[in-house]
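Here the structure is laid out as structure tokens; the discussion comes afterwards.
2 protein chains.
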Amino acid sequence: MSTEALSTDAFLGAVAFNADGVVPAVAQDARNGAVLMLAWMNRDTLKTTLETGDVTYWSRSRQAVWRKGETSGHTQKLVEAWIDCDGDTLLLKVEQTGPACHTGAPTCFFRKRSG
Amino acid sequence: MSTEALSTDAFLGAVAFNADGVVPAVAQDARNGAVLMLAWMNRDTLKTTLETGDVTYWSRSRQAVWRKGETSGHTQKLVEAWIDCDGDTLLLKVEQTGPACHTGAPTCFFRKRSG
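Line by line, the protein sequences give chains A and B.
So for the first sequence, my numbering puts the first residue at 1; every next one is plus one.
So for the second sequence, my numbering puts the first residue at 116; every next one is plus one.
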């Protein structure tokens, strides 16, 4: 299977936002492949992300636009944006500045099931 | 930051299932780091996954247990299970047999925003 290339408009049109108008976005470190975090985007914040390259989520708890790193400085710069087969998940390859997690951990996934 | 190790019980107890009783799970190829897909688990299918190593989702559309590959043979064997800082996302490192996507693509993320 080859990769399909979508224009920004086609990409936006391919997204199946859920009943709350949001879609989950998985952020992956473009350098080392580490999965950093999962957060949510609405149409506006996805459009902002694609147009500016500054990864910008929608905070469901605060019901507010959340440009990653706007307070911490730990920004994410978009490298590649992918959408899955049924349009209900995004995969963002990013350049992460500093730790991705608010705890200070490099990624939000620092707890592992043992044994 | 070092990794925290959780027993299976502690891992299950750390999950913040949403109002529908499910949590998103990102499947990542343990061999090459490719993000394969995102699907959902409820408590029972997560427990089954952790106990058997056969990655088993909850199909929200069918409202049914979905052992990955049960019809296609394209199974996922659990290698590592991780949970994020606030307990609302899982990251599963898996050994994928065959393509992960029902379209036949190696991963569900084969559509990319161009330019």
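Don't be surprised by glycine CBs; every beta carbon is placed ideally from N, CA and C.
In this text, all values refer to a predicted model and were calculated from it rather than measured experimentally.
- Counting only unbroken stretches of 3 or more residues, the beta strand (DSSP E) elements lying wholly within the region 145-203 of chain B are 150-157, 171-174, 179-182 and 191-198, in sequence order.
- When only Cα atoms are considered, residue 177(B) and residue 145(B) end up about 28 Å apart.
- Cβ atoms of residue 82(A) and residue 58(A) stay farther apart than 8 Å, at about 19 Å.
- By the CB criterion at 8 Å, residue 207(B) and residue 170(B) fall inside the cutoff.
- Contact of residue 54(A) with chain B by beta-carbon distance below 8 Å is absent, the smallest such distance being about 15 Å.
- Residue contact with chain B for residue 37(A): present (Cβ-Cβ distance below 8 Å to some residue of chain B).
- Residue 196(B) reaches chain A at 112 and 113, counting residues in chain order whose Cβ is nearer than 8 Å.
- Of the residues assessed, residue 18(A) falls on the exposed side of the cut-off, its CB having fewer than 16 other CB atoms within 10 angstroms.
- Under the Cβ criterion (8 Å, minimum of three pairs), the region 37-53 of chain A does not count as touching the region 216-227 of chain B.
- Closest in alpha carbon position to residue 202(B), among 126(B), 193(B), 118(B) and 117(B), is 126(B).
- Membership of residue 120(B) in any alpha helix (DSSP H) is not indicated; the residue belongs instead to the beta strand (DSSP E) covering 119-121.
- Within the region 4-16 of chain A, contact with chain B at the beta-carbon level (separation under 8 Å) is assigned to 4, 5, 6, 7, 8, 11 and 14.
- Among the residues facing chain A, residue 199(B) is included, as its CB has a counterpart in that chain under 8 Å away.
- Secondary structure at residue 134(B): coil, using DSSP grouped into helix, strand and coil.
- DSSP places residue 100(A) outside both helix and strand once states are collapsed to three, so it counts as coil.
- 212(B) is the residue among 212(B), 205(B), 148(B) and 139(B) whose C-alpha sits nearest the C-alpha of residue 191(B).
- Taking C-beta atoms as the reference points, residue 78(A) and residue 53(A) count as a pair closer than 8 Å.
- About 15 Å separates the CB atoms of residue 151(B) and residue 24(A); that is not less than 8 Å, and the two are not in contact.
- Within the model, the alpha-carbon separation for residue 124(B) versus residue 110(A) is close to 17 Å.
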